[in-house]
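Chemist: Mapping to our numbering: the sequence shown position 47 is 37, numbers consecutive. First, the structure itself, so that you have it in front of you.
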Amino acid sequence: MSMSLDDSIVYSNGRFSRYDEARIGLLTHALHYGTGCFEGVRGYWNASEHELWLLHLREHYERIAKSAHILMMKIPHTTDELIEITTELCARNKFEQDIYIRPFVYKSGEEIGVRLAGVADNFAIVPVPYHAYYGNAAGLKACVSPWRRIDDTVAPARAKVTGAYINSALAKTEAQLGGFDEAILLSNDGHVAEGSADNIFLVRDGVLYTPDASQNILEGITRKSVLALAKNDFGIPIVERAIDRSELYCADEVFVTGTAAGLMPVISIDYREVGDGKTGPVTRTLTDAYNRAVSGAESKYRAWLTPTYATALSRKP
Ligand code: PMP
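Here it is as structure tokens:
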């Protein structure tokens, strides 16, 4: 069923309401100071099962709790409650399509003054229909951005903090205006960190490389899933370490990972073809495995998925 955004149901301030009834005020603290954190969760519609599968819901709520802790905010629900609320919210919207869910917690106090303590918080969840993050791109043309990835000494890189996304927005916009699809950001010390909204992987001589968690990356949930698939299903050797810019140019394959994008091959970087400029075999293997897992086709990865309608039904007396 499709509906307008205003008619859709959201969760805010401890209750379900229509989107257009849940407006925020102009002086909202988070709007001025970026004092919020958020998640992006995918819901995969399976028509034959008439089920909407929510991917890694628990992991997303565990990550937002950590982000909130870093920002000295508290989410007013346990992870189990959040899973209940989210499935209820999706069921109330009667979604029968792929969706994207945006949970967020932010400083909702309407007051001037940049600080974290002593300002009211609000927690909200807004689900929307999903649209392919990179359009129909078969592979991305990327550039190394002149903007450096935010350093953990400046703002917490491993927290998904709203204000920090100005870093991604600047890098992505400059890349797109220059004719590229995506920006790759280096950390302040010049090592490869990640894309503007995704983690990055390189394949070289059959080994999978990705920047380790100390490289100012967001510790991606898709990244973790891909590492698990590579290790458990294919025995691909994995190295997590600092990566130089020129290693990008020498890689046989490069791909990026993120909730919105899934796995997406990078076919050129800074005007240089990656490998032969086509999706490589390791990228193809891992993409197929990931797509099967998120569609519910692999029983051993069903634990990644939470059913919306089965959960909502089990709640009914
Ligand atoms: N890095 C950044 C900056 C991101 O915004 C995202 C998307 N959340 C990612 C990496 C990938 O994280 P995940 O796989 O958890 O979506």
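Just so you know, even glycine gets a beta-carbon here, dropped at the ideal spot from N, CA and C.
1. In the DSSP assignment, the alpha helix (DSSP H) including Leu16 goes from what residue to what residue?
2. Where does Thr374 fall in DSSP's three states?
3. Could you tell me the boundaries of the beta strand (DSSP E) in which Ser2 lies?
4. State buried or exposed for Phe331, treating a residue as buried only when at least 16 other CB atoms are found within 10 Å of its CB.
5. With 16 as the cutoff for other CB atoms within 10 Å, does Met(-7) come out buried or exposed?
6. Go ahead and label Gly125 buried or exposed: buried means 16 or more other beta carbons lie within 10 angstroms of its beta carbon, across all protein chains shown.
7. Keeping to the same chain, check which residues put their C-beta closer than 6 Å to that of Ile259; ignore five residues upstream and five downstream.
8. If I measure Cβ to Cβ from Arg231 and keep anything under 6 Å in the same chain, skipping five residues before and after, which residues do I get?
9. Between Ser158 and Ser204, which are expected to be in contact by the criterion C-beta below 8 Å, what is the C-beta distance as a whole number of angstroms?
10. Could you tell me whether the segment 85 to 101 touches the segment 6 to 13, using the rule of 3 or more Cβ pairs below 8 Å?
11. As a quick exercise: from Tyr51, Val151, Lys150 and Lys84, pick the residue whose alpha carbon is nearest that of Asp(-3).
12. Does the contact criterion of 3 or more C-beta pairs under 8 Å hold for the segment 149 to 164 versus the segment 69 to 89?
13. Under the three-state reduction of DSSP, which class applies to Phe85: helix, strand or coil?
14. Tell me which same chain residues have a C-beta within less than 6 Å of the C-beta of Tyr120, skipping the five on either side of it?
15. Considering only residues of the same chain and omitting the five flanking positions on each side of Arg8, which have a CB-CB separation below 8 Å?
16. Bridge partners of Trp43, per DSSP?
17. Between the alpha carbons of Glu199 and Ala283, how many angstroms are there, rounded?
18. For Asn150, verify whether its CB is less than 7 Å away from any heavy atom of the ligand PMP.
19. Thinking just about the alpha-carbon of each residue, which of Lys64, Leu106 and Glu39 is nearest to the one in His22?
20. Quick one: Cα of Arg194 to Cα of Glu29, how far?
21. As an exercise, report each continuous beta strand (DSSP E) stretch of at least 3 residues that is fully enclosed by the segment 118 to 170, in chain order.
22. Considering just the uninterrupted stretch of the beta strand (DSSP E) at Val197, what are its terminal residues?
23. Out of Arg92, Phe113 and Val197, point me to the one whose CA is closest to Lys64's CA.
24. Which residue or residues does DSSP assign as beta-bridge partners of Ala114?
25. Taking the alpha carbon of Phe6 as the reference point, which residue from Ile54, Leu45, Ser57 and Ala81 has its own alpha carbon closest?
26. Could you give the first and the last residue of the continuous alpha helix (DSSP H) run that contains Val284?
27. Can you tell me the Cβ-Cβ gap for Thr212 and Thr247, rounded? I've got them flagged as a contact below 8 Å.
Modeler: With the structure as the only source:
1. No alpha helix (DSSP H) holds Leu16; DSSP gives it neither H nor E.
2. No statement about residue 374 is possible, as the shown extent of the chain runs from -9 to 307 and does not include it.
3. Taken as a continuous stretch (DSSP letters only), the beta strand (DSSP E) holding Ser2 covers Ile(-1) to Ser2.
4. Any answer about residue 331 is impossible in this case: the structure gives the chain only from -9 up to 307.
5. Per the 10 Å Cβ criterion, exposed.
6. The C-beta of Gly125 has fewer than 16 other C-beta atoms within 10 Å across all chains shown, which makes the residue exposed.
7. Excluding its 5 nearest sequence neighbours in each direction, Ile259 has C-beta neighbours in its own chain below 6 Å: Ala132 and Leu238, listed in chain order.
8. So the list reads Asp202, once near-sequence residues are dropped.
9. Not a contact, Cβ separation roughly 20 Å.
10. With contact defined as three or more Cβ pairs closer than 8 Å, the segment 85 to 101 and the segment 6 to 13 are not in contact.
11. Ranking the options by Cα distance to Asp(-3), first place goes to Lys84.
12. No, they do not touch.
13. Looking at Phe85 - three-state DSSP - the assignment turns out to be coil, as it is neither helix nor strand.
14. Within the same chain, Tyr120 has close Cβ partners Asp88, Ile89 and Tyr90.
15. Within the same chain, Arg8 has close Cβ partners Asp(-4), Asp(-3), Ser(-2), Ile(-1) and Val0.
16. Among the bridge pairs identified by DSSP, Trp43 is matched with Tyr34 and Pro297.
17. Strictly speaking, residue 199 in this sequence is Tyr, with Glu absent from that position. Their backbone Cα atoms lie some 22 Å apart in a straight line.
18. Checking the sequence shown, residue 150 turns out to be Lys, not Asn. Using a cutoff of 7 Å, the CB of Lys150 counts as near the ligand PMP, since one of the ligand's heavy atoms is closer than that.
19. Ranking Lys64, Leu106 and Glu39 by Cα distance to His22 puts Leu106 first.
20. Arg194 and Glu29 have their alpha carbons spaced roughly 32 Å apart.
21. Qualifying beta strand (DSSP E) stretches, in chain order: 130 to 134.
22. Membership of Val197 in the beta strand (DSSP E) is indicated by the continuous run Val197 to Thr200.
23. Nearest of Arg92, Phe113 and Val197 to Lys64, Cα basis: Phe113.
24. Beta-bridge annotation (DSSP): Ala114 is paired with Ser2 and Phe94.
25. Phe6 has its Cα closest to that of Ala81, out of Ile54, Leu45, Ser57 and Ala81.
26. Counting along the chain, Val284 sits inside the alpha helix (DSSP H) bounded by residues Pro271 to Val284.
27. About 4 Å separates the two Cβ atoms, so the contact holds.
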